[in-house]
Each structure stands twice: as C-alpha cells, then as structure tokens.
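For reference, the structure discussed in these notes is given below.
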Amino acid sequence: VALAGIEAARAPFRGARWKVGPIVAAEGSGGEVIEAVSPTGSGAVGTVTLASPADVEAALAAARVWDAPVAERAEVLRRASDLYEARFGEIFALLAQEAGKTLPDAVSELREAVDFLRYYAGEAREGAPRGVFACISPWNFPLAIFTGQIAAALAAGNSVIAKPAEETPLIAALAVGLLHEAGVPPEALQLLPGAGDVGAALTSDRRVDGVCFTGSTETAQAIHRAMAEALDPGAPLIAETGGINAMIVDSTALPEQAVRDVVASAFQSAGQRCSACRVLYVQEDVAEPFLTMLQGAMAELAVGDPWELATDVGPVIDAGVRDGFTAYVEAARAEGRLIAQGPVAGAGHLFAPALVRVGGISDVAREVFGPVLHVASFGGGEIDAVVDAINARGFGLTFGLHTRITARAARVTERIEAGNSYVNRNQIGAVVGSQPFGGEGLSGTGPKAGGPDYVARFYGAPRAD
Ligand code: ADP
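Numbering-wise, the sequence shown is residues 10 to 474 according to my numbering.
See below:
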C-alpha cells in the first residue's frame, strides 16, 4: 500500500479519544482515573483507569495457563496477527497520538509486532508452561515489544499478566483486545495499566513464575532483587535493557552512505530506541569534512508533527524528558561542546537532533535516550583503544562500523562485545526470525528476541508449591 493510502486509513482516527482500564478476568476494583496526554501537543488521547492493588490481586487470582493444544495456540496467534494487520488505520493513529510515532515508524512497528506473532506461533511446542508470566514493557515500542513479550509467553501456554508502560496503555489495550478477539482466553491474558508500583507488585509476588522485562538497566536490577527476595530461585527474568551504542567511521568509509546511516541510527524514532547510536567515532583525518556533511544532513531533517507525512523526527515522549535533553545540550553549549543543533518550532514535545562533542574516546557515562549524538575522533592507530573503550562501558547492545578494509571489519567485530553488530549499514533493529535482537552485559540477559532460543525460556517444570 502506498503511504498515501495508509495515511487515508489512519486519518479518520485523528482526534479520537480512547479509554482503558484494567482488563482482568475476575472482579477487580479500578484505581485512579487519569487523562492520557499526547506528546504531539494535541491534548488528551483518552482516559486511563490505573490498576489498583485489588486489580493486581484479581489478576493473580484469576490467572490460568492456556491449556489449548499447541496447534490451536499457534492458530490463535496467527489469527491475532491478521487482526493487527486489518486494524492498521487505528493502530497507526494511536501510535502517532499516544507515542508520537511518525507514519514510517508506525508502519515498521506494526510489521515487527505481526512478525513476532507469526514467528512465535511457529515456535510453539509441546511442553509444560512455567505458569504466570509478568510481561513488563516500555513506551518506546508500545506495540512491537509489548506484543513480542506476550506472544512468546502465550506460545508456550503461559498465563500472561501484562503491565504496559504508563505512557502507552491505550495501544496496549487495543492489542490485548485483538488477542482476545483472536481467541486467547481472558484468564490467559490480562492487562494492568499503571506505573512502576504495579510492576513491582507483580514481580515481588510468589504467584508469578517468570518475568519478561524491557526497560532501563536500573529497573531490571530492581526487579532482579525483588525476585530474588520473593520468588522461587528458578523463576526466570528475561530482561532487555539499554545501551550506550557506538558507531565507528574510519577514513576509508563511503561518506554519503555513512552519513545517511548515522542519521538513521541516531535520530530515527527521535533517538528513542534502545538500539540507537549514542556515540560516533570518526577517524580524525576525515572528521572535519564528515561532520560538516553530517550537519548538512541533520539540517534537512523535518522535526515536527507525526501526523504530517513530511515529518522525519516526531516529538519525544514527554515534557520531562524534553526538558532534560534541553538542559543537557545547554550544558554542552556552555562548555563549548555543542557542534550543532537545528531550530525547532511547533506544538508538542519537540527536540531538534543535536551533535555534542565529547572530550576523549572513553567519555560518555550514561545513555541519553533521545536525539543527541555524541562525537569523538580517533587517530589512525587508535582503533583498538576505541573498541576497548566501548567494551569498558559494560553495555553491549548494538554496534556499527563503516570501513572498506575487510580485515579491519573482521577484527573489530570479533573484539567488540555487542549483541548486534552492523557493518556498512545503519544499526537499526533486527529482523524477527533471521536477525534476532538482544544485548550482552548490562544490556540484557538474553536470549535474543525473535530468535530460535527465545520461546524455550518460557517453558519449564511447574514449581512444586
Ligand atoms: P524507561 O526508562 O524506558 O521508562 P523503565 O525501566 O522506567 O524504563 O520502565 C520500563 C517498564 O518498567 C515500565 O512499564 C515501568 O512502569 C516498569 N517499572 C518501573 N519500575 C518498576 C519496578 N520497580 N518494578 C517493576 N516494573 C517497573
């Protein structure tokens, strides 16, 4: 379908208001009602009833494993994938409205969610499910990551209690509705909208047999501690967290291609991807012309309303993070380290992509989860030191390299500790099935999502108690 046709499908949902509360199989009692506010600046997206402690209790009490035959579970997940595709207009509208996603970003997000459903349907096997899985997901891929976690747990026959990010419960509710419509029983898939406290209530409850989590490293560590205190030691935590991802561009790289790939890696989805490039290392003898070209490409980016087809970079998720980025970039400016940032005007939490110089190759201590790219240069003999500096950070999610020296590509990708390495292309995402995604070290526990070992982690002997 041409983009214009897709645009026509989402248009009727512009300005719509959605509504969600806990979706639990037993009687719960709703908590506080809040307005969901759009990052686009267009006001309310709808109302959300947060899960109360009584809802958490109701969900845990009602949870039942999905004991349908393997073939039926697979069939239901495939049917859900068809429903996702059929409802693309509303999905794209909600992704724009609730999460600030541009149309191309929404299209690829739906594709990934559908791929997860179909791939994990094909991975369903005979075997004992673990029991109740808490699936706790972030706002940056509110459909794809949310769906991937749930689909893997359901393929293995578990009962899922999903806790979506507090920023994006409406798209989560739409997805759960489609999964139920496809035939997932209500007691095998429940939804608890709410903040971290709802997640913490789940992960510290002994009735939860496993946790699937995507979000910050700090939260993964908190969940790990809560599980160690409360759960059976055999209950798995499958965690996918952040990264301080780097890309190296050496003096043999094709500049036009490298610039295009840097822009996509750092600024697509307004940099709000765990895989995004955060630190760019450019070989010093080409650094000046390369950064000039990069600034030219950044100046071309249209930052604005995700409802406009011409928009390349939509808003960041909320005013708080936008203000944090502004303060970060202003501090860099005051220190004389801001290389470039374009102007920005318009409604919503917009933040123009920025280029910030760092002092040395081992600088950059934390992940800035937005469109801010750090730059350092390195000398001809320093490439091993750059790799060491990247590895020393302890994160190992994605890595990119632009070079035309084959032996260098082999050596660097061999030494780098990263779950996903990309050579002479952008460092974006993964392909469900053929290119699984996941990190090492502080970036996650493995196994890689969308890979052959993933669903296996959701099986296990039921616990004795
Ligand atoms: P992000 O920085 O991407 O928002 P978080 O790790 O804060 O990452 O959030 C990811 C998910 O984890 C969200 O659904 C959030 O509500 C949930 N969460 C936050 N704190 C906790 C906690 N202590 N226990 C369980 N889940 C939590």
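Cβ coordinates follow ideal geometry from the N, Cα and C atoms, glycine included. Computed from a predicted model, the values in this text were never measured in an experiment.
Cβ contact annotation for Pro194 (same chain, cutoff 7 Å, sequence separation greater than five): Trp75, in chain order. A check of alpha carbon separations from Leu359 across Pro138, Ser278, Ala160 identifies Ser278 as the nearest. These are the residues, in chain order, with a beta carbon less than 6 Å from any non-hydrogen atom of ligand 1: Ile145, Ser146, Pro147, Lys172, Ala174, Glu175, Ala204, Gly205, Gly208, Ala209, Thr212, Gly224, Ser225, Thr228, Ala231, Ile232.
Straight across, the Cα-Cα distance linking Cys286 with Gly280 is about 8 Å. DSSP places Asn254 within a strand segment (E or B) once states are collapsed to three. Taking a contact as a CB-CB distance under 8 Å, the pair Glu249 and Ala427 does not count as one, their CB atoms being some 14 Å apart. Close CB contacts of Ala60 within its chain, under the 7 Å cut and outside five residues either way in sequence, are with Pro31, Gly40, Leu201, Pro202, Gly203, Val207 (chain order).
For Phe387, the secondary structure class from DSSP, reduced to helix, strand or coil, is strand. Taking 8 Å as the cut-off, the beta carbon of Val312 is found closer than this to the beta carbon of Val322. In this structure, Tyr93 is the residue among Ala18, Ala385, Tyr93, Glu135 with its C-alpha nearest to the C-alpha of Leu119. For the region 180-229, the continuous alpha helix (DSSP H) assignments of 4+ residues that do not extend past its boundaries occur at 205-212, in sequence order. Taking the Cα positions, Gly409 is about 9 Å away from Thr422. Counting only runs that start and end inside the region 383-441, the alpha helix (DSSP H) elements of at least 4 residues fall at 392-401, 415-424.
In the structure shown, the three-state DSSP call for Gln158 is helix. Its chain contains Val57 as the residues whose beta carbon lies nearer than 6 Å to that of Ile43, once the 5 sequence neighbours on both sides are disregarded; these appear in chain order. When only Cα atoms are considered, Ala398 and Glu176 end up about 34 Å apart.
If you draw a straight line from the Cα of Ala239 to the Cα of Ser213, it comes to about 5 Å. Bridge partners of Leu347 according to DSSP: Val365.
Taking the C-beta atoms as reference points, Thr111 is found no nearer than 8 Å to Thr415.
Between Pro245 and Arg82, the gap from beta carbon to beta carbon reaches 8 Å or more. By the C-beta criterion, the region 100-110 is judged not to be in contact with the region 61-75, since fewer than 3 inter-stretch pairs fall below 8 Å. Ranking Phe299, Ser225, Val381, Asn433 by CA distance to the CA of Glu339 puts Val381 first. Unbroken beta strand (DSSP E) stretches of 3 residues or longer found wholly inside the region 105-184: 141-145, 168-172, given in chain order. Short of 6 Å from the beta carbon of Asp91, and not among the five residues preceding or following it, lies no beta carbon of its own chain.
C-alpha of Gly205 to C-alpha of Phe155: approximately 16 Å in a straight line. Collapsing the DSSP output to three states places Val322 in a strand. DSSP, reduced to helix, strand and coil, places Glu44 within a strand of the structure shown. Put simply, the backbone Cα of Ala153 is about 9 Å away from that of Asp124. Annotation: the continuous alpha helix (DSSP H) that includes Val79 extends over 79-95.
Selection Arg215, Gly224, Gln158 evaluated against Ala174 yields Gly224 as nearest (Cα-Cα). Gly55 is classed as buried because its beta carbon has at least 16 other beta carbons within 10 Å across all chains shown. In this structure, DSSP gives Gly450 an extended state, which the three-state scheme calls strand. Residue environment: Gln444 is assigned as exposed (fewer than 16 neighbouring CB atoms within 10 Å of its CB, all protein chains considered). An exposed status is given to Pro21, since fewer than 16 other beta-carbon atoms sit within 10 Å of its beta-carbon.
Here the region 348-355 lies against the region 363-373, with 3 or more beta-carbon pairs under 8 Å apart. Only buried fits Asp314, as 16 or more other CB atoms lie within 10 angstroms of its CB.
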